[in-house]
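Q: Below you'll find the structure I mean.
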Amino acid sequence: MVFLASLAGVSASFGWAGGSLLAHGPARRLGSFTFTWIQLVACAVIMSALSGAAGHWARVSWQHWPAFAVSAAAGILAGNLAMIACLRAAGPRQTELLLSFKAPLVALMAFLWLGEQLSARDIAGAALVLAGVFLAIAPDRAAGREGPPLYKAAALGLFATFCQAAGYLSLKPALLDGTPVLAASAIRLSLAALLITLAGAAALPRRQALSQVPLGLALRALVPGILGYGVSSTLLLFAFTHLDAGLAAALGSLSPVLVLPLLWAVRGERPAPSAAAGAGLAVAGGAVILL
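Following my numbering, the numbering of the sequence shown begins with 40 at its first residue and continues without gaps.
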């Protein structure tokens with residue numbers, strides 16, 4: 040099960056890497072609120088239907104409803120609005136770099152809240168993963184490829200990181216009590232969709248903006264939402280269930296490395312030598328964790 044959970048964490052990273060690449064254009068055109076609303080509402084419907092079809096609702100530990108609320112409000116709504124704003128301002132690589140801080144933050148929160156302690160080998164592997172991520176992304180800023188003010192991107196990215204870390208970690212007790220990951224994902228998405236819909240209904244300009252979104256653009260926004268909210272988040276929740284939280288977060292932070300070959304294939308942006316070295320370092324860290 041440890042191997043499957045580790046594979047789920049890496050697969051979640053791959054989904055987010057592809058999703059961030061696909062999301063950049065629609066997010067810039069739609070704005071953070073409209074982009075997030077489309078993704079949340081559609082993905083909540085899809086995940087709820089899948090959970091119902093699988094018969095998972097009866098196995099939900101509803102006594103953990105405060106955790107579901109925190110995960111939805113902080114982890115999804117606040118965290119992802121900040122992440123998309125960072126994505127619009129800084130682009131996919133810089134955003135992924137900032138979000139990689141989620142791993143050490145989750146490890147610290149899990150130690151203080153749940154009493155989890157990583158082994159020396161796991162800490163070494165996670166450190167290699169994070170070092171590889173930093174090395175893979177750092178050349179973009181040095182080369183001036185992504186030029187928004189660093190303080191703005193950093194503030195948005197770190198706030199998103201904290202919210203997402205709290206959102207995932209708050210669900211671990213419910214998952215350990217037997218709540219299926221598919222149902223947990225559906226619950227947090229549904230609550231977040233309700234919150235953002237109520238917020239949009241209270242603002243006339245936002246209601247008008249939602250009604251004027253072209254169908255093609257809405258579909259382009261939905262695809263990365265399914266990859267991120269539907270597939271990757273569910274896979275990472277599975278990893279959180281069966282691994283220490285800090286370890287699961289480290290494996291879920293590989294998207295900055297995995298996005299490099301995607302950017303090379305799609306946009307022709309060849310990774311710098313240091314970025315390739317960072318990718319190799321991250322892979323080595325993952326091997327230490329898995330083996």
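All C-beta atoms, glycine included, are put in the ideal place defined by N, C-alpha and C.
Since this is a predicted model, take the numbers as computed values, not measurements.
So the alpha helix (DSSP H) residue 280 belongs to, where does it begin and stop?
A: Your numbering for residue 280 matches position 241 in the sequence shown. Taken as a continuous stretch (DSSP letters only), the alpha helix (DSSP H) holding residue 280 covers 272 to 281.
Q: Could you have a look at residue 133 and say whether DSSP puts it in helix, strand or coil?
A: To locate residue 133, count along the sequence shown from 1; it is residue 94. Three-state result, residue 133: helix.
Q: Confirm, please, whether the CB-CB distance from residue 230 to residue 111 is below 8 Å.
A: In the sequence shown, residue 111 corresponds to position 72, counting from 1. In the sequence shown, residue 230 corresponds to position 191, counting from 1. Contact flag set, yes.
Q: Going straight from the alpha carbon of residue 161 to that of residue 282, what length do you get?
A: For this step, residue 161 is matched to residue 122 along the sequence shown. For this step, residue 282 is matched to residue 243 along the sequence shown. Those two C-alpha atoms are separated by around 11 Å.
Q: By the DSSP assignment, the alpha helix (DSSP H) with residue 107 in it spans what residues?
A: The residue given as residue 107 occupies position 68 in the sequence shown. First-last of the alpha helix (DSSP H) with residue 107: 104 to 109.
Q: Quick check: the Cα distance between residue 63 and residue 130, rounded to an integer number of angstroms?
A: Numbered from 1 along the sequence shown, position 24 holds the residue referred to as residue 63. Numbered from 1 along the sequence shown, position 91 holds the residue referred to as residue 130. Each residue's Cα considered, the two are about 7 Å apart.
Q: Between the beta-carbon of residue 239 and the beta-carbon of residue 72, is there less than 8 Å?
A: Position 200 of the sequence shown, counted from the first residue, corresponds to residue 239. Position 33 of the sequence shown, counted from the first residue, corresponds to residue 72. Result yes, Cβ atoms of residue 239 and residue 72 sit closer than 8 Å.
Q: Short of 8 Å in beta carbon distance, which residues of its chain neighbour residue 44, apart from the five on each side in sequence? Order them along the chain.
A: By 1-based counting over the sequence shown, the position of residue 44 is 5. The residues are 277, 278, 280, 281, 282, 287.
Q: If you draw a straight line from the C-alpha of residue 168 to the C-alpha of residue 289, how long is it?
A: Locating residue 168 in the sequence shown gives position 129, counting from the first residue. Locating residue 289 in the sequence shown gives position 250, counting from the first residue. So the alpha carbons of these two residues sit roughly 7 Å apart.
Q: Which runs of the alpha helix (DSSP H) fall wholly inside the segment 284 to 310 and span at least 4 residues, in chain order?
A: The qualifying runs are 284 to 290, 294 to 306.
Q: Straight-line CA distance for residue 80 to residue 86?
A: Stepping through the sequence shown from its first residue, residue 80 is reached at position 41. Stepping through the sequence shown from its first residue, residue 86 is reached at position 47. Approximately 10 Å between the Cα atoms of the pair.
Q: Is it buried or exposed for residue 253, if we count other Cβ within 10 angstroms and need 16 for buried?
A: On the sequence shown, residue 253 is found 214 positions in, with the first residue counted as 1. Looking at its Cβ environment, which holds fewer than 16 other Cβ atoms inside 10 Å, residue 253 is exposed.
Q: Suppose only complete runs of 4+ residues qualify. What are the alpha helix (DSSP H) ranges in the segment 69 to 126, listed by chain order?
A: As far as the segment 69 to 126 is concerned, its whole alpha helix (DSSP H) runs of at least 4 residues are 71 to 92, 104 to 109.
Q: Taking only the alpha-carbon atoms, compute the straight-line gap between residue 265 and residue 307 and give it to the nearest angstrom.
A: Taking the sequence shown and counting its residues from 1, the one referred to as residue 265 is at position 226. Taking the sequence shown and counting its residues from 1, the one referred to as residue 307 is at position 268. One C-alpha to the other measures close to 25 Å.
Q: Return the residue from the list 163, 96, 173 that minimises the CA-CA distance to residue 134.
A: Translated into positions along the sequence shown, residue 134 becomes position 95. Residue 134 has its Cα closest to that of 173, out of 163, 96, 173.
Q: Do residue 146 and residue 153 have their beta-carbon atoms positioned less than 8 Å apart in this structure?
A: Taking the first residue of the sequence shown as 1, we reach residue 153 at position 114. Taking the first residue of the sequence shown as 1, we reach residue 146 at position 107. Cβ distance not < 8 Å, so residue 153 and residue 146 don't count as in contact.
Q: For the alpha helix (DSSP H) that contains residue 148, what are its first and last residues?
A: For the purposes of this step, residue 148 is identified with residue 109 of the sequence shown, where counting begins at 1. Element bounds for residue 148: 141 to 152.
Q: By Cβ distance below 7 Å, which residues in the same chain neighbour residue 191 in space, the five residues on each side in sequence not counted?
A: Working through the sequence shown from its first residue, we reach residue 191 at position 152. Excluding positions up to five away in sequence, the list reads 128.
Q: Can you tell me the Cα-Cα spacing of residue 292 and residue 268, whole angstroms?
A: Mapped onto the sequence shown, residue 292 falls at position 253. Mapped onto the sequence shown, residue 268 falls at position 229. Rounded to the nearest angstrom, the two C-alpha atoms are 15 Å apart.
Q: In the DSSP assignment, find the unbroken alpha helix (DSSP H) run with residue 16 in it and report its ends.
A: Look at the range of the chain in this structure, 40 to 330, and you will see that residue 16 is not part of it.
Q: Quick one: is residue 297 buried, meaning 16 or more other Cβ sit within 10 Å of its Cβ, or exposed?
A: Position 258 of the sequence shown, counted from the start, is the residue given in the question as residue 297. Buried, because 16 or more other Cβ atoms sit within 10 Å of the Cβ of residue 297.
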